[in-house]
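Protein chains in written order, with our numbering: chain A, 2 to 130; chain B, 2 to 130.
The block underneath contains the structure these notes are about, expressed in structure tokens.
There are 2 protein chains.
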Amino acid sequence: MEKELELADNARAVCAKLNCAEGVSGIRDALYVLSGKWKFPLIFALSQGPMRFKDIQRSLGDITPKVLTKELRELELNEFVVRNVFPTSPVTVTYELMPYSLTLDKVLLELKDWGIQHRQRLVSNRRGN
Amino acid sequence: MEKELELADNARAVCAKLNCAEGVSGIRDALYVLSGKWKFPLIFALSQGPMRFKDIQRSLGDITPKVLTKELRELELNEFVVRNVFPTSPVTVTYELMPYSLTLDKVLLELKDWGIQHRQRLVSNRRGN
DNA sequence: GATACTGGTATCCTTTGGGATAGTAGTATC
DNA sequence: GATACTACTATCCCAAAGGATACCAGTATC
Chain A
2 MEKELELADN ARAVCAKLNC AEGVSGIRDA LYVLSGKWKF PLIFALSQGP MRFKDIQRSL
62 GDITPKVLTK ELRELELNEF VVRNVFPTSP VTVTYELMPY SLTLDKVLLE LKDWGIQHRQ
122 RLVSNRRGN
Chain B
2 MEKELELADN ARAVCAKLNC AEGVSGIRDA LYVLSGKWKF PLIFALSQGP MRFKDIQRSL
62 GDITPKVLTK ELRELELNEF VVRNVFPTSP VTVTYELMPY SLTLDKVLLE LKDWGIQHRQ
122 RLVSNRRGN
């Protein structure tokens, strides 16, 4: 007896044809370096220009300094961000995107637009009910 | 004495002008429903067509059934996915994207492409050193 | 009768993500 | 002299994420 549904069969076929596995692992590779609550917002905030620690903290809203430090270190390791120290007194520190981060601009743009639209949808749904 | 660097000042100005806060919260709103290791890969896999539970598990690689169930339930709640039960015996279950998921296609595409490029970069860096 | 497949549950456990709070040295400001 | 700002670090703690393993009924296959 044929238990398979044409639907699922079809999906498998299409998936194989489009190299679905490559797509899934592409996405997983991206998320591997960009996972968590803060990396995308952080890179987005810095995409407007270099910023100081406290300013970043303010633009992100409610991130604690410990977590911000950790996130910045990780982004440094992956060459998304540079830390600049200026010999003022007391020292001034800025964080700045490296060129590689710019390759993320489309992703960030799409994600931002989607998020804005999503919030609007939620609001109108709540009104609608 | 002026301790502010023009850099940081500039960033703040630009950020205010571009409504940086809106961008950051847009991204945070998006991540609120799409966070975690599996949501993006899962939606991407289903974007090829409806699939059965075990098939999804296989395409995602190493997700455990418990986690997959949880992720699918969450995506159902947020109207990204429908669960279809067919009265075969034993039952056949497929999961299918709802129209709202299609609004994510650009995000998924950009993320996938970035991930693939990122992996290639890592590979050539390793070779280069 | 043994094995395998489906669509899951149940239980346990570890890891991490991330928040709260406090504190630091060095300045500047009132 | 008290307070405030900067750029953090340190410590503690909790909840959630997610993995490992086992198991289930129902059916088909060998």
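By construction, the Cβ of each residue, glycine as well, lies at the ideal position given by its N, Cα and C atoms.
What's the C-alpha gap between A:L61 and A:E77? A:L61 and A:E77: Cα-Cα distance of roughly 18 Å.
B:T65 to A:V82, Cα distance in whole Å? Between B:T65 and A:V82, the C-alpha separation is close to 34 Å.
Please classify A:H119: does DSSP put it in a helix, a strand, or coil? Of the three classes helix, strand and coil, the one that applies to A:H119 here is helix, per DSSP.
How is B:L98 classed by DSSP in three states: helix, strand or coil? Of the three classes helix, strand and coil, the one that applies to B:L98 here is strand, per DSSP.
Alpha carbon to alpha carbon, how far is A:R120 from B:G116? Give it in angstroms, no decimals. About 26 Å.
Express the C-alpha separation of B:I44 and A:S36 in angstroms, rounding to a whole number. If you take the alpha carbons of A:S36 and B:I44, they lie about 16 Å apart.
Just how far apart, CA to CA, sit A:D63 and B:G27? Spanning the two alpha carbons is a distance of roughly 15 Å.
Under the rule that 16 or more other beta-carbon atoms within 10 Å means buried, what is B:R53, buried or exposed? Label assigned to B:R53: buried.
Between which two residues does the beta strand (DSSP E) containing A:V82 stretch? Note, A:V82: beta strand (DSSP E), V82 to F87.
Residues of chain B with a CB under 8 Å from the CB of A:G116: which are they? Near A:G116 (Cβ distances below 8 Å), the residues of chain B are S26, G27, I28, R29, D30, A31 and L32.
Does the distance from the C-beta atom of B:L47 to that of B:E111 stay below 9 Å? No, the pair does not count as a contact, with Cβ atoms beyond the cut-off.
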